[in-house]
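Residue numbers (the working numbering), protein chains in the order written: chain A, 1387 to 1677; chain B, 2 to 252.
We put the beta carbon where it would ideally sit given N, CA and C, even for glycine.
The structure under discussion appears below in the form of structure tokens.
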């Protein structure tokens, strides 16, 4: 039974009959919400925001507001949210910018906890966990299964690898390789964060075969345990016979990050449209462009 | 809502509550679910995004009778909290500030203007922010602290003492890292000025004690004839003669 009808929804909004919208919600003209999505009270959804099926959007969230980037010129840009996400109370997510590829994307089955912030041109893959007050700056890629603990702040153009973990209150200023834990260690609480080792839970969750798993543990141990040059160690691993696919992806990720500016592989996409945005080019092309 | 206090061209979104004593000037846009209360005055062309609260009573002043003055061209993003002042002057925001998502401005704080405050910056009560300051995410500025003009604070830093102008500060408690070259360049400083400032910073902050000697400052003032250097030295003298100069001792 619907009790409250106090809400402000633009007539042009496309909302599925099976979606539920709570009281005091403001939903702007260019929004589309698919079946099974529950929007609780005091939520504001504006901008060109496309929300998929079976999401839960908690109280007070603001989705699709214009980005905080001063270079944004006000052209139509998108926020795309997939299926089965939990978006906690007071979460903010912004639409993309022209220079960053027009798209901010949140994939499927992500858990975005209270007061987290997803800035412009971020690409969040599937099954990630963003703890309360996680702060993502612009142009970030978070790969499948990554875990960001409380109050993690991530620098622009950073990539957080698959099934990795960033421990609480860490400032992430360079790429986090897949299957590792990134944080400030006990010995050096004030220094820049480092890779602390393999992320066991993540590796278990990744559904790998036993031999791949063992190879991965060994590779992470070998690459990150001491301070000797990583490139040499990676070369040695890649030259071995029968390197498993997952170790290869880890090594390639590290090499890409090492060759990127400031240890961030996505710095190469500064001012360019990133490959992830190509999937959504049809949306941008549909827009009437100014002559 | 008090329509007398609102100029004609003000646009107000749904479910927004505006108190009786609030005065808002032309072309200000207020989105949905915003709360503006107390004796708040808002200038022209400001933008308030959903969920922000302006002029709310503070812990020092639970009745919420204080003032809050917001000048022109400010952008207040989602879930920002700005408390009303308890003193005569009130909380003051100068022109052209951008307060990003989740910022907090305590009562009687003064934001002089042209500042950009990244997400979750906490400006505690009675703090004073000079012009063209940039803060990064999760910066905490302690009560009664002045942040120098053109300064930059890195992420998670705690500003527990006054900072000199033109400086990049980092850490908790903070250390001075160098000249904020990028910001100075963007603000139209000449290359020569930036190089001079860099030399002065090297002289002052690179020795082992890191404590500016007043004699040394006088010497530097004679060597470098530059208004910006003079400004930096004035600020440093103030900090050095203050009872607590821990800030410049840390290395």
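Residues of the region 1498 to 1514 of chain A whose Cβ lies closer than 9 Å to any Cβ of chain B, in chain order | 1501, 1503 and 1505
Should residue 1627 (chain A) go down as buried or exposed, given a rule of 16 or more other Cβ atoms within 10 Å for buried?
-> Within the first chain, numbered from 1, the residue matching residue 1627 (chain A) stands at position 241. Residue 1627 (chain A) should be labelled exposed.
Enclosing beta strand (DSSP E) for residue 1583 (chain A) [first to last residue] = The residue you call residue 1583 (chain A) lines up with position 197 of the first chain. First-last of the beta strand (DSSP E) with residue 1583 (chain A): 1580 to 1584.
Inter-stretch contact at 8 Å, needing at least 3 Cβ pairs: the region 1636 to 1651 of chain A / the region 1475 to 1485 of chain A | Because the criterion of three Cβ pairs below 8 Å is not met, the region 1636 to 1651 of chain A and the region 1475 to 1485 of chain A do not touch.
Does the count of Cβ pairs from the region 159 to 167 of chain B and the region 217 to 237 of chain B closer than 8 Å reach three?
-> yes
Using a Cβ cut-off of 7 Å, which residues of the region 1442 to 1457 of chain A contact any Cβ in chain B, in chain order?
-> Within the region 1442 to 1457 of chain A, the residues whose Cβ lies closer than 7 Å to some Cβ of chain B are 1446, 1448, 1451 and 1454, listed in chain order.
Report buried or exposed for residue 89 (chain B), applying the criterion of at least 16 other Cβ atoms within 10 angstroms of its Cβ.
-> The count along the second chain starts at 1 and reaches residue 89 (chain B) at position 88. Exposed is the call here.
Any beta-carbon of chain A closer than 8 Å to the one on residue 209 (chain B)?
-> As a first step, residue 209 (chain B) is located in the second chain; it is residue number 208 there, counting from the start. Only weak support exists for where residue 209 (chain B) lies, its pLDDT of 49 falling under 50; the value from the coordinates is given anyway. Not closer than 8 Å to any Cβ of chain A, the Cβ of residue 209 (chain B) fails to qualify, so no.
Going along chain A in order, which residues have a C-beta closer than 8 Å to the C-beta of residue 178 (chain B)?
-> If you number the second chain from 1, residue 178 (chain B) lands on position 177. The premise fails here: residue 178 (chain B) is roughly 13 Å from chain A at the closest Cβ pair, so nothing lies under 8 Å.
How many whole angstroms separate the CB atoms of residue 53 (chain B) and residue 79 (chain B), which I take to be in contact at a CB cut-off of 8 Å?
-> One-based indexing of the second chain puts residue 53 (chain B) at position 52. One-based indexing of the second chain puts residue 79 (chain B) at position 78. 7 Å between Cβ atoms; contact.
Straight-line CA distance for residue 1367 (chain A) to residue 1480 (chain A)?
-> What the structure shows of chain A is the stretch from 1387 to 1677, and residue 1367 (chain A) is not part of that stretch, so it cannot be assessed.
Distance, residue 1656 (chain A) Cα to residue 104 (chain B) Cα = The residue given as residue 104 (chain B) occupies position 103 in the second chain. The residue given as residue 1656 (chain A) occupies position 270 in the first chain. Near 27 Å, if we compare the C-alpha coordinates of residue 1656 (chain A) and residue 104 (chain B).
Taking residue 50 (chain B) as the query, report the chain A residues whose CB atoms sit under 8 Å from its CB, ordered along the chain.
-> By one-based count along the second chain, residue 50 (chain B) stands at place 49. Those are 1448 and 1451, listed as they occur along chain A.
Go through its chain and collect everything with a Cβ distance to residue 147 (chain B)'s Cβ below 6 Å, but skip five positions before and after it.
-> Here residue 147 (chain B) refers to the residue found at position 146 when the second chain is read from its first residue. The residues are 129 and 163.
What residues in its chain sit with their C-beta under 6 Å from that of residue 13 (chain B), if we drop five residues either side in the sequence?
-> Counted from its first residue, the second chain places residue 13 (chain B) at position 12. Within the same chain, 31 come within 6 Å of residue 13 (chain B) by CB-CB distance, once the 5 residues on both sides are set aside.
What are the boundary residues of the alpha helix (DSSP H) that includes residue 1637 (chain A)?
-> Translated into the one-based positions of the first chain, residue 1637 (chain A) becomes position 251. Looking at the DSSP string, the run of the alpha helix (DSSP H) that includes residue 1637 (chain A) is 1631 to 1645.
Would residue 1564 (chain A) be called buried (16 or more neighbouring beta carbons within 10 Å of its own) or exposed?
-> Position 178 of the first chain, counting from 1, holds the residue named residue 1564 (chain A). So residue 1564 (chain A) ends up on the buried side.
Look up residue 42 (chain B) in the DSSP assignment and say whether it is helix, strand or coil.
-> Against the second chain, residue 42 (chain B) aligns to sequence position 41. Note: residue 42 (chain B) maps to strand in three-state DSSP.
Under the three-state reduction of DSSP, which class applies to residue 1659 (chain A): helix, strand or coil?
-> Position 273 of the first chain, counting from 1, holds the residue named residue 1659 (chain A). In this structure, residue 1659 (chain A) counts as coil in the three-state DSSP scheme.
At a CB-CB cut-off below 9 Å, which residues of chain A make contact with residue 80 (chain B)?
-> The residue labelled residue 80 (chain B) in the question sits at position 79 within the second chain. Simply 1446, 1448, 1476, 1478 and 1501.
Residue 153 (chain B) and residue 120 (chain B): beta carbons closer than 8 Å?
-> Residue numbering aside, residue 153 (chain B) sits at position 152 when the second chain is read from its first letter. Residue numbering aside, residue 120 (chain B) sits at position 119 when the second chain is read from its first letter. Not closer than 8 Å, so no.
Can the beta-carbon of residue 20 (chain B) be found less than 8 Å from the beta-carbon of residue 38 (chain B)?
-> Position 19 of the second chain, counted from the start, is the residue given in the question as residue 20 (chain B). Position 37 of the second chain, counted from the start, is the residue given in the question as residue 38 (chain B). Contact flag set, yes.
Could you please give me the residues that DSSP links to residue 1434 (chain A) through a beta bridge?
-> Along the first chain, read from residue 1 onward, the residue named residue 1434 (chain A) stands at position 48. Partner(s): A:1464.
Since residue 1568 (chain A) is in the beta strand (DSSP E), which residue starts that stretch and which ends it?
-> Reading the first chain from its first residue, position 182 is the one you call residue 1568 (chain A). Unbroken beta strand (DSSP E) run through residue 1568 (chain A): 1566 to 1569.
Specify, as a first and last residue, the run of the beta strand (DSSP E) that residue 178 (chain B) falls within.
-> As a position in the second chain, residue 178 (chain B) is number 177, starting the count at 1. Here the beta strand (DSSP E) through residue 178 (chain B) covers 176 to 180.
Count the other CB atoms within 10 Å of the CB of residue 188 (chain B); is the residue buried (16 or more) or exposed (fewer)?
-> Numbered from its first residue, the second chain carries residue 188 (chain B) at position 187. By the neighbour-count rule (16 or more Cβ atoms within 10 Å), residue 188 (chain B) is not buried but exposed.
In terms of residues, what are the limits of the alpha helix (DSSP H) holding residue 171 (chain B)?
-> Working through the second chain from its first residue, we reach residue 171 (chain B) at position 170. Where residue 171 (chain B) is concerned, there is no enclosing alpha helix (DSSP H), although the beta strand (DSSP E) it sits in stretches over 168 to 171.
Does the distance from the CB of residue 133 (chain B) to the CB of residue 151 (chain B) come in under 8 Å?
-> Here the question's residue 133 (chain B) lines up with position 132 in the second chain. Here the question's residue 151 (chain B) lines up with position 150 in the second chain. It is a contact, given that the beta carbons lie within the stated cut-off.
Interface residues of chain A around residue 34 (chain B) at Cβ under 8 Å?
-> Position 33 of the second chain, counted from the first residue, corresponds to residue 34 (chain B). Simply 1410, 1412, 1428, 1430 and 1446.
For residue 1 (chain B), the nearest candidate out of B:97, B:28, B:87 and B:186 (CA to CA) = Outside the shown range of chain B (2 to 252) lies residue 1 (chain B), about which nothing can therefore be said.
Rounded C-alpha distance that separates residue 209 (chain B) from residue 178 (chain B) | Taking the second chain and counting its residues from 1, one reaches residue 209 (chain B) at position 208. Taking the second chain and counting its residues from 1, one reaches residue 178 (chain B) at position 177. Unreliable positioning characterises residue 209 (chain B) in this predicted model, as indicated by a pLDDT of 49, which lies under 50. The coordinate reading is nonetheless provided below. Between residue 209 (chain B) and residue 178 (chain B), the C-alpha separation is close to 14 Å.
Could you say which of A:1418, A:1609 and A:1664 lies nearest to residue 1396 (chain A) if we only look at CA atoms?
-> Locating residue 1396 (chain A) in the first chain gives position 10, where the first residue counts as 1. If we check each option's Cα against that of residue 1396 (chain A), A:1418 comes out closest.
Using a Cβ-Cβ cut-off of 6 Å (strictly less than) and excluding sequence neighbours within five positions of residue 1372 (chain A), which residues of its own chain qualify?
-> Residue 1372 (chain A) lies beyond the residue range present for chain A, which begins at 1387 and ends at 1677; the question has no answer from this structure.
Can you find a C-beta in chain A that's less than 8 Å from the C-beta of residue 157 (chain B)?
-> For the purposes of this step, residue 157 (chain B) is taken as residue 156 along the second chain, with counting starting at 1. For residue 157 (chain B), a Cβ of chain A is located within less than 8 Å of the residue's own Cβ.
From B:45, B:58 and B:201, residue whose alpha carbon lies closest to that of residue 26 (chain B) | Position 25 of the second chain, counting from 1, holds the residue named residue 26 (chain B). Among B:45, B:58 and B:201, the Cα nearest to that of residue 26 (chain B) is on B:45.
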